[in-house]
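Residue numbers (this note's numbering): 5 to 211. A virtual CB, placed ideally from N, CA and C, is assigned to each residue, including glycine. Treat the numbers as computed from the prediction; the structure is a model and nothing was measured. Everything on this sheet refers to the single structure shown next.
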Amino acid sequence: MDVFPCLESLRLRLREIREEDAWALYRIYTDPLVVRYHNLERLEGLEAALSFAAWMHSLYPEGRGLRWGIEGRGSPGLIGTIGYEYLDARQQGAEISYDLLPAHWGQGLMQEAVEAVLEYVRGTSLLYLEANVVSENQASARVLEKAGFIPRGEPYAQGLPGGATYRVQRYRLEVDRAPHNSSSPGQPASRSCSLRASPSTSGVQER
Numbered sequence: 005m006d007v008f009p010c011l012e013s014l015r016l017r018l019r020e021i022r023e024e025d026a027w028a029l030y031r032i033y034t035d036p037l038v039v040r041y042h043n044l045e046r047l048e049g050l051e052a053a054l055s056f057a058a059w060m061h062s063l064y065p066e067g068r069g070l071r072w073g074i075e076g077r078g079s080p081g082l083i084g085t086i087g088y089e090y091l092d093a094r095q096q097g098a099e100i101s102y103d104l105l106p107a108h109w110g111q112g113l114m115q116e117a118v119e120a121v122l123e124y125v126r127g128t129s130l131l132y133l134e135a136n137v138v139s140e141n142q143a144s145a146r147v148l149e150k151a152g153f154i155p156r157g158e159p160y161a162q163g164l165p166g167g168a169t170y171r172v173q174r175y176r177l178e179v180d181r182a183p184h185n186s187s188s189p190g191q192p193a194s195r196s197c198s199l200r201a202s203p204s205t206s207g208v209q210e211r
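Encoded structure:
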């Protein structure tokens, strides 16, 4: 059985998403501010949340990517998620995305989570990461730019659930050019707290 790569930073723990996280995921992905720029439909009830948790959990054992649940160190309970899905069969490129409950915006937590993931990615086969951000979501753009992502091409129009159309900017980061963590001077960017992965049960927002 593969070991799921649980990560820790100064204030956060990034860990495996489990079935019992369904209600926390429901809370996150029904929050109007979280899903405002999201390309996923809002979760409709516990069954949808359970399916969503199972899908997130399945990415790692099926080799399609990774999705971590974000919680405060010493404060169990998900406050967001972060992860990536591979863009090619050789696992050299991936698209990163993340979401965080609004009560935790403006504290630099997502910056910390992104930098922890980048430290992990340096030890994998990934050569580059991409992200797609609605142009109005300037907080998320700042997170990416501070982490070393650069805009790629011109913004393009994309329709989102609910009928709204937004301009979306694509960002890209070459992994070998990623700056090392700077969110917690004197502290390691992340460290492993690896746990055994349990069997599979079946937009970027910041801030």
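Between the alpha carbons of proline 65 and arginine 77 lies a gap of roughly 25 Å.
Per the DSSP secondary-structure output, glutamine 95 pairs with nothing in a beta bridge. As the crow flies, the alpha-carbon of tyrosine 88 is around 5 Å from that of glutamate 99. Closest by C-alpha distance to glutamate 23, out of Ser62, Ser129, Cys10, Gln162, is Ser62.
Ranked by Cα distance from arginine 146, the options Gln96, Met114, Glu123 are led by Met114. Under DSSP, valine 172 forms a beta bridge with Val138, Tyr160. Annotation for glycine 157: Arg174 place their beta carbon closer than 7 Å to its own, counting only its chain and skipping 5 residues before and after. For glycine 73, the pairing in a beta bridge is given by DSSP as Arg19, Thr85. Shown here for alanine 53: same chain residues with a beta carbon closer than 6 Å to its own, the five before and five after excluded, namely Ala26, Leu29, Tyr30, Leu47 in chain order.
Non-local beta-carbon contacts of histidine 108 in its own chain, meaning distances under 6 Å to residues more than five positions away in sequence, involve Ile83 in chain order.
Taking the Cα of glutamate 12 as reference, the smallest distance to any Cα among Tyr41, Leu122, Tyr160 is reached at Leu122. The shortest C-alpha to C-alpha distance from glutamine 95 to any of Pro155, Pro80, Val125 is the one to Val125. In this structure, DSSP gives glutamate 12 an extended state, which the three-state scheme calls strand. Here leucine 130 carries a coil assignment [DSSP, helix/strand/coil]. Taking the Cβ atoms as the reference, alanine 182 lies roughly 5 Å from glycine 152, within the contact range of under 8 Å.
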